[in-house]
Amino acid sequence: MHNLLIDAGVNLTSSQFDKDRTDILARAEAAGVDNMLLIGCCLQSSQESLSLAKKHGYVSTAGIHPHDAKDAPTDFVSQLRALAEHKKVVAIGECGLDFNRDFSPRDSQNAILEQHLLLAQQLDMPVYLHERDAFDSMRVQLEHTPVKGVLHCFTGTQDALEYYLDYGLMIGITGWLCDERRGEQLQKLLPLIPDDRLLLETDAPYLLPRSLKPKPKSRRNEPAFLQEVAKVAAELRSQTIEHISEITRNNFNRLFLSDMGE
331 MHNLLIDAGV
341 NLTSSQFDKD
351 RTDILARAEA
361 AGVDNMLLIG
371 CCLQSSQESL
381 SLAKKHGYVS
391 TAGIHPHDAK
401 DAPTDFVSQL
411 RALAEHKKVV
421 AIGECGLDFN
431 RDFSPRDSQN
441 AILEQHLLLA
451 QQLDMPVYLH
461 ERDAFDSMRV
471 QLEHTPVKGV
481 LHCFTGTQDA
491 LEYYLDYGLM
501 IGITGWLCDE
511 RRGEQLQKLL
521 PLIPDDRLLL
531 ETDAPYLLPR
541 SLKPKPKSRR
551 NEPAFLQEVA
561 KVAAELRSQT
571 IEHISEITRN
581 NFNRLFLSDM
591 GE
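Residue numbers (my numbering): 331 to 592.
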């Protein structure tokens with residue numbers, strides 16, 4: 331029997347899942363993944379994530395990814411606020427700053443992030459944060475508008491990790507951890523995350539764990555593979571998978587579901 335896990339971040343609306351979404355959810359359940367946070371990255375995917383969450387018994391986020399900041403409509407905050415009225419929507423985001431790819435101008439990314447943080451603060455909801463190569467600017471934003479939430483798919487430095495922990499955020503860890511090339515720094519930092527701050531996520535269909543054997547022919551990540559992330563995390567933290575399962579479930583429920591009576 332697998333240890334029960336919660337995938338704290340999956341892009342279930344991705345077109346990569348269109349042909350076999352039902353099978354993917356069945357495989358996740360068979361692998362012991364019994365809840366998921368479905369990520370909204372734009373207004374349309376936020377609405378679609380909510381629909382899937384309601385259909386399958388999961389929860390979702392509502393937000394605009396920094397890559398899409400330049401395309402945010404002027405009334406996006408009111409649209410997000412309306413989505414957030416649904417009890418299945420448990421976080422504002424995915425929102426943040428991505429100065430690695432710069433798909434949107436940085437001033438636009440900052441302006442859109444500020445609106446997300448203000449909305450989350452007003453609604454007393456967690457934020458689902460994305461930060462890539464933008465730590466200094468993210469720190470300025472967080473200092474200006476205090477919020478609770480998670481730094482999703484953390485890949486940063488020890489200074490960034492210590493700041494986010496001191497600030498009070500949870501830290502989301504993905505299959506990046508299982509990458510012997512890109513994940514070396516994260517592997518060293520993982521033991522520094524306290525038990526009560528760790529979340530596990532696939533970010534599927536992205537970030538297929540490189541340590542997974544055999545690898546799927548599609549090279550596509552899916553929630554069932556969260557067990558591999560948990561296994562590697564347990565090894566690096568000198569903890570059991572049972573312990574990792576328990577703490578990450580407790581953390582997820584405390585951050586996202588405490589207002590739902592679960």
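The beta-carbon is built from N, C-alpha and C at its ideal position, and this holds for glycine as well.
Sequence-distant residues of its chain with Cβ nearer than 8 Å to residue i (five each side left out)
| i | result |
| --- | --- |
| A560 | N333, L335, L530, I571, I574, S575, T578 |
| D489 | F465 |
| D337 | A358, V363, N365, M366, L367, L530, E531, T532, A534, P553, L556 |
| K547 | none |
| A564 | T570, I571, H573, I574 |
| N551 | G505, T532, D533, A534, P535, Y536, L537, L538, P539 |
| E592 | Reliability of the predicted coordinates at E592 is poor, the pLDDT of 40 falling under 50, and the value obtained from them is presented with this limitation in mind. Same-chain partners within the cutoff: N583. |
| E473 | none |
Coarse secondary structure for residue i, derived from DSSP in three states
| i | result |
| --- | --- |
| I369 | coil |
| S588 | helix |
| T352 | helix |
| T391 | strand |
| Y458 | strand |
| V559 | helix |
| G502 | strand |
| I523 | coil |
| C483 | coil |
| D398 | helix |
| D489 | helix |
| L542 | coil |
| E572 | helix |
| V363 | strand |
| L529 | strand |
| A338 | strand |
| A450 | helix |
| L427 | strand |
| A421 | strand |
8 Å contact criterion, which residue i and residue j should meet: CB distance rounded
| i | j | result |
| --- | --- | --- |
| R549 | L538 | 6 Å |
| M468 | E461 | 5 Å |
| L566 | L522 | So it is not a contact: roughly 11 Å between Cβ atoms. |
| Q471 | E510 | About 33 Å; that fails the 8 Å criterion. |
| L453 | A414 | 6 Å |
| D487 | L516 | The question names Asp, but residue 487 is Thr in the sequence shown. Incorrect: roughly 10 Å between the Cβ atoms, too far for contact. |
| C483 | V457 | Not really, about 14 Å apart at Cβ, beyond 8 Å. |
Whether residue i touches residue j by CB criterion (9 Å)
| i | j | result |
| --- | --- | --- |
| S344 | P396 | no |
| L410 | L449 | yes |
| D533 | G513 | no |
| L475 | L507 | The sequence shown places Thr at residue 475, not Leu. Not in contact: T475 and L507 (Cβ atoms no closer than 9 Å). |
| L368 | V340 | yes |
| A392 | S381 | no |
| A361 | F586 | no |
| D401 | F429 | no |
| S541 | V562 | yes |
Residues near residue i by beta carbon distance below 7 Å, same chain, minus five either side
| i | result |
| --- | --- |
| G498 | K478 |
| Y494 | L481, I501 |
| Q346 | P535, R550 |
| P544 | none |
| G423 | T391, G393, H446, V457, Y458, L459 |
Sequence-distant residues of the same chain with beta carbon closer than 6 Å to residue i, five excluded per side
| i | result |
| --- | --- |
| S379 | T343, L368, G370, S390 |
| A383 | L368, V389, S390, K418 |
| D525 | I577 |
| D405 | none |
For the segment 396-405 against the segment 427-444, do three or more pairs of beta-carbon atoms, one drawn from each stretch, fall closer than 8 Å, so that the two count as touching? yes
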